[in-house]
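Below is one structure, written out as structure tokens, with a few remarks after it.
In the numbering used here, the protein residues as written are 21 to 423.
Put into structure tokens, the structure is as follows:
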């Protein structure tokens, strides 16, 4: 039978990250491809205790719930945002989503008509590009450097395209690991306010800091104003466990109402059980989320430094460009010009190591000599072995290339 799929879904390419994850399943391949947290540090016993308490005291945990999410959890998130991020919001300005990935989908569903323009960093989060293209957006990249979007290019493109919104990951970004300067954050806010363009600030990694001074979120810089310009989203996937599938979005109530309509057509509401477990965990006397995050940051810093040592010392990277991240989960590497990461990946897999080529992260013209390396998932000894394999693959690949 010949199936007739929609032009919308056929226009969306499969995720390069997910394809590589499938490639490495069941094989003895060290993968630096996924954005996976360290599963051996999931707070399993605390989650089990919270689940037992929820199930023993709250039968409504297995019932349908509010589309916007469990009120007690939203209140706890509001309190934490105020104390940790200086983002002021009431619980009814917060909606729970099935991971922050669903926020991107619901926001695009609520805002985008086919042909609408969205501005993004170049490069940017791959799965957001998938969402935007699924809804027919014209995605335009803004030139970016180590400090964030280049203001002159942003201003020119705001004037030329009048986009529906600007999507950014300004803190420990995926894929580059960059941290925007305060000046670039404020400039984005000022220019978007002048043009009445919304900002979607995606902040899944902001808690995972290793070094440097904290930088205020764009939502914090905006403050608690009427007619919020900034929509802020984050998740507990990177700090507690991705299997709980619990993220959240903060924004103007009118925008959240439209997103809630879209959510009702998708999954009605996020898992009440997962939300109540997380709510119980956040108020537990035996578990401290802040202490857990501090421990994770220490662990990830050690793993990042193991990877960074190879990048500094292995001769095959002598002509490469990269920056030591201050937090998050990724190192972005720009290889010598003309060295295509897609072709290198094939050689690397033969050596037993995988990474994500950088080309799919670009909105328009990709840099094919780039790659994203994840350090959060593997222990230092595994990272050392994987980077040794990758260096061997690069040396062999360069030998073929030079020949």
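Using N, Cα and C, we set each Cβ at its ideal position, and we do this for glycine too.
About 13 Å separates the Cβ atoms of residue 249 and residue 274, ruling out a contact at the 8 Å cut-off. DSSP, read as helix, strand or coil, puts residue 381 in helix. With a 10 Å radius around the Cβ and a threshold of 16 neighbouring Cβ atoms, residue 82 comes out exposed.
In the DSSP annotation of this structure, the continuous segment of the alpha helix (DSSP H) that includes residue 313 starts and ends at 309–333.
Around the beta carbon of residue 392, 16 or more other beta carbons sit within 10 angstroms, so the residue counts as buried.
When the alpha-carbon of residue 352 is set against those of 59, 309 and 197, the nearest one is in 197.
Residue 187 sits in a strand when the DSSP states are folded into three classes.
Only residues of its own chain outside the window of five on either side were considered, and among them 192, 197, 324 and 351 have a CB closer than 7 Å to the CB of residue 345, listed in chain order. Measuring C-alpha to C-alpha distances from residue 372 to each of 291, 318, 387 and 411 identifies 411 as the nearest.
Within the segment 215–243, the runs of beta strand (DSSP E) at least 3 residues long that lie entirely inside it are, in chain order, 218–222. For residue 340, the secondary structure class from DSSP, reduced to helix, strand or coil, is coil. With fewer than 16 other Cβ atoms inside 10 Å of its own Cβ, residue 77 counts as exposed. If you check the CB distance, residue 195 and residue 381 come in under 8 Å.
Within the same chain, Cβ atoms closer than 7 Å to the Cβ of residue 177 are found at 139, 160 and 162, the five residues on either side in sequence being excluded. The straight-line gap separating the alpha-carbon atoms of residue 158 and residue 252 is approximately 22 Å. Annotation: the segment 127–197 contains the following complete segments of the alpha helix (DSSP H) (minimum length 4 residues), in chain order: 146–154 and 171–181.
With respect to residue 348, residue 187 sits apart: the two C-beta atoms are not nearer than 8 Å.
Of the candidates 58, 23, 31 and 102, the residue whose Cα lies closest to the Cα of residue 313 is 58.
The beta-carbon separation of residue 397 and residue 56, rounded to 4 Å, stays under the 8 Å limit for a contact. The alpha-carbon separation between residue 317 and residue 24 amounts to approximately 47 Å.
Classified as exposed, residue 339 has fewer than 16 neighbouring CB atoms from the shown chains inside 10 Å of its CB. In chain order, 289 place their CB closer than 8 Å to the CB of residue 86, counting only its own chain and leaving out the 5 sequence neighbours on each side. Taken through DSSP and simplified to helix, strand or coil, residue 90 comes out as coil.
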